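Number of protein chains: 2
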Amino acid sequence: MSDELRVIALRGLPELAQGDDLGGLLAEAAGRVGGLAEGDVVVVAQKAVSKVEGRIVVLADVTPSERARELAGPDGDPRHVEVILRESRAVVRARPPLVIAETRHGFVCASAGVDASNANGPDTLVLLPLDPDRSAALLRERIRELTGIGPGVVVSDSFGRAWRQGTTDVALGVAGLVALRDLRGARDAAGYELRSTQIAVADEIAGAAELVMGKTAGIPAAIVRGIDVAGDGSGADLVMPRERDLFRG
Amino acid sequence: MSDELRVIALRGLPELAQGDDLGGLLAEAAGRVGGLAEGDVVVVAQKAVSKVEGRIVVLADVTPSERARELAGPDGDPRHVEVILRESRAVVRARPPLVIAETRHGFVCASAGVDASNANGPDTLVLLPLDPDRSAALLRERIRELTGIGPGVVVSDSFGRAWRQGTTDVALGVAGLVALRDLRGARDAAGYELRSTQIAVADEIAGAAELVMGKTAGIPAAIVRGIDVAGDGSGADLVMPRERDLFRG
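First to last, the sequence lines map onto chains W and P.
In case it helps, my numbering puts the first sequence at residues 1 to 249.
In case it helps, my numbering puts the second sequence at residues 250 to 498.
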C-alpha cells in the first residue's frame with residue numbers, strides 16, 4: 001500500500017487508424033512526461049485500441065435484421081442495433097433504442113460497447129477489441145521492447161451501472177497487474193474479518209485514469225503510478241460468472 | 250482537465266467513537282502531509298463517519314422477525330438480517346444469507362450497507378450515515394473552520410456491482426464538488442456527439458482514493474488533488490431514479 005498515487009495524462013497522440021503502432025505512440029507520450037517507472041500502469045481507452053486493431057464497421061455496409069428494426073424503435077438506427085446484436089451473446093434489457101447486452105466476452109454494457117464515431121470516416125462504428133487481455137499484453141510487450149520497462153496495461157471503457165447514474169471507466173483487458181485484489185480471510189485493523197473481500201482494483205485504476213483523460217479533450221491514455229499491483233490478472237477476473245450472477249438475463 | 254492527479258493517504262487517525270471530532274482529526278492528518286490546497290477533495294470512508302455519528306447497533310439488542318430468520322437461512326445471523334431489513338426500503342435480491350437491498354437513501358447494495366464490526370465492542374453492526382450529504386457538508390465546514398480551506402468532501406463506501414466481480418468504492422455523500430459531470434451535447438475531439446454523456450466523477454474519485462486507503466491498513470481517508478471538480482453536487486445525483494431504472498426490484 002503506497003502513501004501516494006499519481007495519475008498522469010498522456011497527451012499528444014495523433015488521430016489513430018488501423019495498423020498504427022499504439023505501443024510506440026504510448027511510449028513516446030510517456031517519454032514526454034519523464035518516462036515510465038517500474039511498477040507503472042498505463043491505462044489506454046478501448047476506442048484507441050479498437051481503432052488500431054481495425055475494429056471498425058461502416059454503417060452503410062450493414063443490412064439490419066427484423067429483430068434489429070424492432071429493438072431500434074422509431075428513434076434508433078436499425079443498422080447500429082444490428083451491429084450491437086452481432087457483438088452480443090444475449091440482450092439483457094432493451095428499451096428502444098437503448099440496448100443493454102452481454103458481449104461475446106461476457107461484459108454487460110450499453111450497446112455491447114459499440115460506439116458511434118466519425119473519426120475514421122463518416123457514419124462508422126467502433127467495436128470492442130476481440131480479446132482485450134491480448135491487446136493489453138501486446139501493448140505491454142511493445143512498450144517493454146522500446147523502453148526497457150514493461151508496465152501494467154489496462155484497456156478501459158466507460159460503462160454504465162445498474163442502480164447508479166453516470167458511467168465510470170472499467171478495465172476490459174489487463175496485462176501485468178492484478179485485476180481483483182483478494183482479501184478473503186483478511187482482517188481489518190480492529191481484527192474483524194472483512195465484508196468486502198474482493199476489490200476490483202483494475203476498475204478503480206481505470207476510473208482514476210478517466211479523471212485526467214477526459215472524453216472531450218482527446219487524451220486517450222494515462223499513467224497510474226505508486227501502487228503495487230504487479231501480477232497476472234485478466235479482464236475476465238472482473239466478470240461475474242453467470243452461475244453466481246443475480247442480475248443477468 | 251488537469252494533467253496530473255495525486256491521491257494522498259491520510260494516516261494516523263485513531264480508533265473512532267461516537268462524538269469524536271472527525272473533521273478535526275482529518276485536518277490534523279492533512280497537516281501531517283503538508284496541508285490542504287484549494288480545490289482538494291477529502292475522501293473519507295463511511296465507516297469512520299458512521300462511528301462518530303453513533304450509527305452502531307449492538308447485535309444482542311436485536312430481536313429478529315420471521316422474515317429476517319427466513320432470509321438469513323441456516324448460515325446467516327437473523328439479528329444481522331433484521332437490522333438490514335430495518336435499514337431497507339426494499340429487498341432487491343436475496344440468496345440466503347446474501348441480501349441486496351435498496352436503502353432508505355435509495356442506494357442498492359449488499360446488506361443495505363450494514364457492516365459487521367467489533368471495533369466498538371464485540372458483535373456490533375455499523376449502519377450507513379442517515380444523511381451522507383449532510384455528513385460531508387459538516388466535515389467540509391469543520392475543516393474550513395480549522396484550516397481556512399473548505400475542501401470537497403466525499404463519504405465513500407465499497408459497493409458490489411451487477412455483472413462484475415469485486416467491489417469499487419463509490420460516493421454516498423458529497424459536499425463542495427460535482428458528483429456527476431454532464432457532457433450531454435458535448436462532442437469528442439473528432440466532433441462527434443458523445444455516447445457516454447454523464448460521468449460519475451465522484452464515484453471515480455472514491456475509487457481512486459480506495460487504492461491508497463486499503464481496508465486492512467486502517468487508513469480511512471485520502472486527499473485527491475489536481476482535478477477541477479468544485480461544484481454543488483449531491484450523493485443523490487448518483488442514484489438512478491426509480492422510473493429510469495431497468496434493474497430495480
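From the three backbone atoms N, C-alpha and C, an ideal C-beta is built for every residue, glycine too.
No experiment lies behind these values; they were computed from the predicted model shown.
In summary, Asp232 (chain W) is exposed, with fewer than 16 beta-carbon neighbours lying within 10 Å of its beta-carbon over all protein chains present.
Where Asp324 (chain P) is concerned, there is no enclosing alpha helix (DSSP H), because DSSP gives it neither an H nor an E.
Listed along the chain, the chain P residues whose CB falls inside 8 Å of the CB of Asp20 (chain W) amount to none; the nearest CB is some 15 Å away. Excluding its 5 nearest sequence neighbours in each direction, Pro327 (chain P) has C-beta neighbours in its own chain below 6 Å: Pro313, Ala317, Arg318, Ala321, listed in chain order.
Per the Cβ contact rule, the segment 138-154 of chain W is not in contact with the segment 86-102 of chain W (fewer than 3 Cβ pairs under 8 Å). About 20 Å separates the Cβ atoms of Thr373 (chain P) and Val293 (chain P), ruling out a contact at the 8 Å cut-off. Where Ala116 (chain W) is concerned, the enclosing beta strand (DSSP E) starts and stops at 115-117. It is roughly 24 Å from the alpha-carbon of Ala420 (chain P) to the alpha-carbon of Arg184 (chain W).
A Cβ-Cβ separation of about 5 Å places Asp252 (chain P) in contact with Ala9 (chain W) under the 8 Å criterion.
For Gly280 (chain P), the nearest beta carbon of chain W is not closer than 8 Å to its own beta carbon. Looking at P:Ala485, P:Gln267, P:Leu274, P:Asp270, the one whose alpha-carbon comes closest to that of Arg260 (chain P) is P:Leu274. Exclusion of the five residues before and after Glu287 (chain P) leaves Ile398 as the residues of its chain whose Cβ lies within less than 7 Å of its Cβ. Closest in alpha carbon position to Ser111 (chain W), among W:Ser50, W:Val83, W:Asp131, W:Arg144, is W:Val83. Distances from the CA of Gly160 (chain W) to each of P:Gln447, P:Arg353, P:Arg491, P:Val363 were compared; the closest alpha carbon is that of P:Gln447. The beta carbon of Gly484 (chain P) is closer than 7 Å to those of Pro381, Asp382, Ala420, Leu421, Gly422, Val423, Ala428 in its chain, skipping five residues each way along the sequence.
Straight-line spacing of the CA atoms in Ser384 (chain P) and Ala297 (chain P) works out to 11 Å.
In the DSSP assignment, Gln46 (chain W) falls within the alpha helix (DSSP H) that extends over 46-52.
Ranking P:Ala466, P:Ala455, P:Gly475 by CA distance to the CA of Met213 (chain W) puts P:Gly475 first.
In the DSSP assignment, Thr396 (chain P) falls within the unbroken alpha helix (DSSP H) covering 381-396. The C-beta of Asp232 (chain W) comes no closer than 8 Å to any C-beta of chain P. Exclusion of the five residues before and after Cys358 (chain P) leaves Phe408 as the residues of its chain whose Cβ lies within less than 6 Å of its Cβ. The beta carbon of Val341 (chain P) is closer than 7 Å to those of Ile349, Ala350, Glu351, Val357, Arg497, Gly498 in its chain, skipping five residues each way along the sequence. Within the segment 123-149 of chain W, no residue places its CB atom closer than 9 Å to a CB of chain P. The straight-line gap separating the alpha-carbon atoms of Arg338 (chain P) and Ala230 (chain W) is approximately 41 Å. Distance check between Leu146 (chain W) and each of W:Gly23, W:Leu13, W:Pro14 places W:Gly23 closest, using alpha-carbon atoms only.
Under DSSP, Val306 (chain P) forms a beta bridge with P:Leu374.
Of the candidates W:Gln165, W:Met240, W:Arg104, W:Arg144, the residue whose Cα lies closest to the Cα of Gly35 (chain W) is W:Arg144. At a Cβ-Cβ threshold of 8 Å, Val41 (chain W) and Ile205 (chain W) count as neighbours. If only complete runs of 3 or more residues are kept, the segment 421-495 of chain P shows the beta strand (DSSP E) at 470-474, in order along the chain.
Here Ala208 (chain W) really is in contact with Leu254 (chain P); their C-beta atoms are around 7 Å apart, less than 8 Å.
For Leu285 (chain P), no beta strand (DSSP E) encloses it, and the DSSP letter there is neither H nor E. Taking C-beta atoms as the reference points, Asp418 (chain P) and Glu459 (chain P) count as a pair closer than 8 Å. Restricting attention to W:Ala221, W:Asp21, W:Arg242, W:Pro74, the CA atom closest to the CA of Gly54 (chain W) is found in W:Asp21. A Cβ-Cβ contact shorter than 8 Å links Gln414 (chain P) with Asp237 (chain W).
With contacts defined as CB atoms closer than 8 Å, Gln295 (chain P) and Leu377 (chain P) qualify as a contacting pair.
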